[in-house]
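Colleague: Read in order, the letters of the sequence shown correspond to residues 7 to 245 in the working numbering. Beta carbons: idealized from backbone N, C-alpha and C, even for Gly. Have a look at the structure that comes next, please.
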Amino acid sequence: MADEVRIGTFSSTIEQIPGKELDLRKRLRVHERLIQGFLFLCGAISIFTTVGIVVYLGREAFKFFALPEVTLIQFFTGTVWQPKIEEFGILPLLSATLITTGIAMLVAIPTGLAVAIYLSEYASPRARGIIKPTLEILAGIPTVVLGYFALTWVTPLLRGLIGENVVQIYNTASAGLVMGILILPLISSMVEDALSAVPNSLREGAYGVGATKLEVATQVVVPAAISGITAAIIIDARP
Numbered sequence: 007m008a009d010e011v012r013i014g015t016f017s018s019t020i021e022q023i024p025g026k027e028l029d030l031r032k033r034l035r036v037h038e039r040l041i042q043g044f045l046f047l048c049g050a051i052s053i054f055t056t057v058g059i060v061v062y063l064g065r066e067a068f069k070f071f072a073l074p075e076v077t078l079i080q081f082f083t084g085t086v087w088q089p090k091i092e093e094f095g096i097l098p099l100l101s102a103t104l105i106t107t108g109i110a111m112l113v114a115i116p117t118g119l120a121v122a123i124y125l126s127e128y129a130s131p132r133a134r135g136i137i138k139p140t141l142e143i144l145a146g147i148p149t150v151v152l153g154y155f156a157l158t159w160v161t162p163l164l165r166g167l168i169g170e171n172v173v174q175i176y177n178t179a180s181a182g183l184v185m186g187i188l189i190l191p192l193i194s195s196m197v198e199d200a201l202s203a204v205p206n207s208l209r210e211g212a213y214g215v216g217a218t219k220l221e222v223a224t225q226v227v228v229p230a231a232i233s234g235i236t237a238a239i240i241i242d243a244r245p
């Protein structure tokens, strides 16, 4: 009699297991659908926000060019930007942007490449563990702080060295230098990642034929990582 009770209890337990698994699967499916719906909502918000920005900018641009005093020829070829007197030439803005970006690249690319080569090929693990996080922290400095630094320190320095009559308070030189400082940590970090991704077999082969550390870095590692270096420069060289 006791054996029959045990057998009956065991069989009832076996019958209950599929039901529990079915309930668990239903709950998991509900959770998955909720997560999928939330992710879809986030993606839709991002898409609608982007489309809204494009539509708003396009509408405002259409209103701007619909004004009788604004023409496309004047806008793209004008050399004066003074909205108060209805002068809307964009060439000064474009030229200032290009000059500032060029100065920043002249500062950031050579320095960033040198720092990346040092971290990848010369620095000890301890030094790399200190310098790399420091660069990543510097990359998070707000641009407002750097702009204030350019206005209160870099500009007076340039005016003292070159001359107050040559360097104005608002100038592209100080802006370009500070932009170079701004993107230097980003270029250094991304280029160092590209150099570190080069297989060690290439380095060992170069050392095996008698190459020095500098030759390995400049003639083997850098050419092998040129695609990553180019991508880092293009990504960080944003106006």
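(1) Which same chain residues end up closer than 7 Å to T85 when comparing Cβ atoms and leaving out the 5 residues on each side of it in sequence?
(2) Can you tell me which of I189, R39, N206, A181 puts its alpha carbon nearest to the alpha carbon of I239?
(3) Would you tell me roughly how many angstroms separate the C-alpha atoms of W37 and C48, rounded to the nearest one?
(4) How about A179 and A200: do their beta carbons lie closer than 8 Å?
(5) Within the stretch 46 to 107, note down every full alpha helix (DSSP H) run reaching 4 residues or more, in order along the chain.
(6) According to the Cβ coordinates, are V184 and G153 closer than 8 Å?
(7) Measuring CA to CA, which of I187, E127, I41 is closest to L208?
(8) Smallest Cα separation from A110: which of V228, L192, G216?
(9) Classify S202 as helix, strand or coil using the three-state DSSP reduction.
(10) How close, in whole Å, do the beta carbons of L141 and S194 come, if the pair is a contact with beta carbons under 8 Å?
(11) Which residues mark the beginning and the end of the alpha helix (DSSP H) in which L157 is found?
(12) For a test of your reading of the model: does the CB of K219 fall under 7 Å from any non-hydrogen atom of the ligand ZN? Yes or no.
Modeller: Looking at the atomic coordinates:
(1) Position 79 of the sequence shown, counting from 1, holds the residue named residue 85. Excluding positions up to five away in sequence, the list reads G95, L97, P98.
(2) Position 233 of the sequence shown, counted from the start, is the residue given in the question as residue 239. Among I189, R39, N206, A181, the Cα nearest to that of I239 is on I189.
(3) In the sequence shown, the residue the question calls residue 37 occupies position 31. In the sequence shown, the residue the question calls residue 48 occupies position 42. The question names Trp, but residue 37 in the sequence shown is His. Spanning the two alpha carbons is a distance of roughly 17 Å.
(4) On the sequence shown, position 173 is the one that residue 179 refers to. On the sequence shown, position 194 is the one that residue 200 refers to. Not in contact: A179 and A200 (Cβ atoms no closer than 8 Å).
(5) Segments of the alpha helix (DSSP H) lying fully in the stretch 46 to 107: 78 to 83.
(6) The sequence position of residue 184 within the sequence shown is 178, counting from 1. The sequence position of residue 153 within the sequence shown is 147, counting from 1. Yes, the Cβ-Cβ distance between V184 and G153 is below 8 Å.
(7) Here residue 208 is taken as the residue at index 202 of the sequence shown, counted from 1. Closest option to L208, Cα to Cα, is E127.
(8) If you number the sequence shown from 1, residue 110 lands on position 104. Selected option, being the one with the closest Cα: L192.
(9) For the purposes of this step, residue 202 is taken as the residue at position 196 of the sequence shown. The answer is helix: DSSP assigns S202 an H, G or I state.
(10) On the sequence shown, residue 141 is found 135 positions in, with the first residue counted as 1. On the sequence shown, residue 194 is found 188 positions in, with the first residue counted as 1. About 5 Å; that satisfies the 8 Å criterion.
(11) In the sequence shown, the residue the question calls residue 157 occupies position 151. L157 -> no alpha helix (DSSP H), and no H or E assigned at all.
(12) The model depicted lacks the ligand ZN and carries no ligand whatsoever.
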